[in-house]
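Residue numbers (full-length UniProt numbering), protein chains in the order written: chain V, 1 to 374; chain G, 1 to 374. Backbone N, C-alpha and C fix where the C-beta goes; we use that ideal spot for every residue, glycine too. All values derive from a computational prediction rather than experimental measurement.
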């Protein structure tokens, strides 16, 4: 092992653990804020750390185009570039390249695509993706894969998954072992249990120190996602961290931890914060709504984040209406704070063996909804 | 006196002092960042305080339209609304209303105008302006005046100034004395020494605890501005603070302190920070310029702000190119930090009696320009 991963408590399928990487340790289950273009949008990295985040996600696709991985390497790597000295996980670029409808061409060797910034032509292969992630200096590198679109027939899903498994082997081959740095494989197979199982077997055959579940939260719905997790996580090695990619809403996190997931990333808390939507223990709250305009109460009286301790709903509403940058700044902070608090609650519940109670109380609070208008 | 103002050192016309208001003390000469719509754009108030700012400016025009002064009063006043517990100075709304070319109508009693937000009709008079500033809870209220356009004939400037003097008397009449809160009069008279003198006499006749110099930095140029200051400040009472409105560039601040000014406000550091321009001891630096793209050096190696201690020029350039919110956040912080550092330097120099040396060293550094590209 080049990294450390220990678990010391279980509650059903859920695990309480700690991941040790080159740039620090991560208490699991963990949520990773997304720092797409070498910044968590509208947040200073010191503030991201204040929310409790111990690891960030960086995007290979965005960084390879601007400022380029080579430029970041010359400047000392992504940690130094963006002033974040804790661990970083980078995606492989595969997911975002596949999303470039009409501007990318897949072959068995990789993907050729046009930049969304200037239309210039680029190519990603497993080898090039791993090289880029090395240049960035990622603590956790992700294998290059094709995220199977949804819906897909069994045949489409099988072909796509098997291509990803070949690319996973090539990613492993291209990866250079260094202490504290590791490579995760990605399970594909769409909603088909047999394909998910086949993918797990292929990946464990290659051998990784961590396993991601990909191709979910792409439109299949929460129920189906949970079903696929139940058909997948039991087959993953018990001693390796499990990462559910691109997930999700607060309820997704609770349900996926219950089903054995250790790590998450999602743009939801930061993206929704930039459009006036707060994620709270009582569900989403849209601060643009006129019902907040004269409300002197905090967004969440029980939240310790700067948005909730310093300001009224009326002020947060005003920032939205006036299109002030402080609006995204405060709501992104709140949302990331809430996500980290939720993860801390889940970790405590797993450790205490009270996860079912925690999940029930969580669901009840979310269902109750926001406090009534004054 | 309802406020305190003491000076204990002079260097030529420059003064070193301390202003004591309801919400705290201000070391003078002082620079006031502008918090137009109840926020210094792209800054948390805690961060504004970290730069060293001890007082902010709020805009009557913007706040009366949105969220309205009555709403802010219901919510406990502007300090509480925007989470800034240090002093606040509010302008009278006059300057911004006069700028609404084609959408405002001046009469001897006040101004009727259309909102830039929704076209709705509003009216400001001396009495209404003072009422709004009372509702906001300003530590320093500004008299309602007409900022004379530039250029103006002697006759136009005289008529405009005399109207402002009538409004100053009405502002004084409307103002309610409360400990720690005060009203400043505003000297007008365009570039005409005799009119500036007449304006000073009118205002001192009415009696104020502080005097602003208005109608400058409106296109007359730095040399002419300094000339007008030299013809004005010697006639102002020695025991009252003097505030040069809407000024300015770093060199303007140095020159105006030398000519006896104690307080400044300007959007330049915050506005230019949002468009990629840094204000530094070596003059302005445009971070959008490609010459910074691979530069590992800090913006200013001698600056202690987060932008300079945490990041390379290459990263600051990247944020600009990627249009990331962190760009305005970091550059606004840097610019406000630099302005406060410049004011601290000026205060120290006045106290030490070395203002001429300070101004010479400042001018030399600014003239030297930015460090050469790598």
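Cut-off 6 Å between Cβ atoms - residues of its own chain near residue i, not counting five sequence neighbours on either side
| i | result |
| --- | --- |
| residue 277 of chain V | 284, 286 |
| residue 248 of chain G | 217, 266 |
| residue 243 of chain G | 212, 263 |
| residue 161 of chain V | 188, 189, 195, 199 |
| residue 320 of chain V | 276, 287, 288, 327 |
| residue 350 of chain V | 9, 11, 14, 16 |
| residue 154 of chain V | 192 |
| residue 64 of chain V | 132 |
| residue 21 of chain G | 3, 87, 139, 180 |
| residue 374 of chain G | 295 |
Candidates the options: closest to residue i by CA position
| i | options | result |
| --- | --- | --- |
| residue 140 of chain V | V:259, V:52, V:238, V:210 | V:210 |
| residue 94 of chain G | G:185, G:326, G:295, G:315 | G:185 |
| residue 271 of chain V | V:351, V:20, V:39 | V:39 |
| residue 166 of chain V | V:180, V:108, V:192, V:193 | V:108 |
| residue 235 of chain G | G:1, G:13, G:2, G:3 | G:13 |
| residue 81 of chain G | V:315, V:370, V:227 | V:315 |
| residue 344 of chain V | V:22, V:26, V:8 | V:26 |
| residue 181 of chain V | V:71, V:275, V:1, V:203 | V:1 |
| residue 173 of chain G | G:371, G:159, G:127 | G:127 |
| residue 49 of chain V | V:339, V:73, V:122 | V:339 |
| residue 183 of chain V | V:356, V:145, V:222 | V:145 |
| residue 19 of chain G | G:4, G:9, G:8 | G:4 |
| residue 73 of chain G | G:120, G:250, G:221, G:135 | G:135 |
| residue 101 of chain G | G:149, G:259, G:368 | G:149 |
| residue 229 of chain G | G:99, G:204, G:260 | G:260 |
| residue 463 of chain G | G:368, G:201, G:147 | Nothing about residue 463 of chain G can be read from this structure; chain G reaches only from 1 to 374. |
| residue 57 of chain V | V:41, V:371, V:360, V:297 | V:41 |
| residue 318 of chain G | G:335, G:290, G:66 | G:290 |
| residue 208 of chain G | G:124, G:214, G:175 | G:175 |
Rounded separation between residue i and residue j - CA only
| i | j | result |
| --- | --- | --- |
| residue 217 of chain G | residue 225 of chain G | 7 Å |
| residue 15 of chain V | residue 106 of chain V | 37 Å |
| residue 322 of chain V | residue 325 of chain G | 16 Å |
| residue 307 of chain V | residue 36 of chain G | 20 Å |
| residue 294 of chain V | residue 69 of chain G | 12 Å |
| residue 206 of chain G | residue 168 of chain G | 8 Å |
| residue 6 of chain V | residue 196 of chain V | 25 Å |
| residue 342 of chain V | residue 280 of chain G | 43 Å |
| residue 292 of chain V | residue 33 of chain G | 28 Å |
| residue 113 of chain V | residue 337 of chain V | 36 Å |
| residue 328 of chain G | residue 273 of chain G | 6 Å |
| residue 331 of chain V | residue 219 of chain G | 40 Å |
| residue 47 of chain G | residue 83 of chain G | 12 Å |
| residue 192 of chain G | residue 304 of chain V | 56 Å |
| residue 309 of chain V | residue 333 of chain V | 12 Å |
| residue 257 of chain V | residue 30 of chain V | 10 Å |
| residue 231 of chain V | residue 240 of chain V | 17 Å |
| residue 364 of chain V | residue 246 of chain V | 25 Å |
| residue 122 of chain V | residue 156 of chain V | 26 Å |
| residue 111 of chain V | residue 98 of chain V | 8 Å |
| residue 359 of chain G | residue 370 of chain G | 18 Å |
| residue 394 of chain G | residue 282 of chain V | Since the displayed chain G opens at 1 and closes at 374, residue 394 of chain G lies outside it and no answer follows. |
| residue 375 of chain G | residue 147 of chain G | In the structure as shown, chain G starts at 1 and stops at 374, and residue 375 of chain G therefore has no counterpart that could be examined. |
| residue 375 of chain V | residue 43 of chain V | It is not possible to answer for residue 375 of chain V, since the shown part of chain V is limited to 1 through 374. |
| residue 252 of chain V | residue 227 of chain V | 12 Å |
Presumed contact (8 Å Cβ cut-off) between residue i and residue j, rounded CB distance
| i | j | result |
| --- | --- | --- |
| residue 137 of chain V | residue 62 of chain V | Incorrect: roughly 16 Å between the Cβ atoms, too far for contact. |
| residue 312 of chain V | residue 75 of chain G | 6 Å |
| residue 171 of chain V | residue 152 of chain V | No, residue 171 of chain V and residue 152 of chain V are not in contact; Cβ-Cβ is about 22 Å, not under 8 Å. |
| residue 250 of chain G | residue 96 of chain G | Rounded, the Cβ-Cβ distance is 24 Å, inconsistent with contact. |
Neighbourhood of residue i by C-beta, 7 Å cutoff - its chain only, sequence neighbours within 5 removed
| i | result |
| --- | --- |
| residue 60 of chain G | 90, 91, 92, 93, 129, 132, 133 |
| residue 24 of chain G | 54, 86, 87 |
| residue 353 of chain G | 11 |
| residue 118 of chain G | none |
| residue 362 of chain G | 254 |
| residue 204 of chain G | 237 |
Contact set for residue i: own chain, Cβ-Cβ below 8 Å, skip 5 residues either direction
| i | result |
| --- | --- |
| residue 103 of chain V | 113, 114, 116 |
| residue 347 of chain G | 16, 27, 28, 29 |
| residue 177 of chain V | 2 |
| residue 221 of chain G | none |
Exercise for the section: At 4 residues or longer, and completely inside the stretch 47-94 of chain G: list those alpha helix (DSSP H) runs for me, N to C. Expected result: 60-65, 69-74, 78-82
Problem - Secondary structure, alpha helix (DSSP H): runs of 4+ residues fully inside the stretch 311-343 of chain G - result: 313-321
Problem - Completely contained beta strand (DSSP E) runs for the stretch 116-197 of chain V, where each covers 3 or more residues - result: 121-124, 140-142, 182-187
Practice task
List in chain order: all unbroken alpha helix (DSSP H) runs of 4+ residues lying wholly within the stretch 235-300 of chain G.
Solution key: 250-258, 268-273
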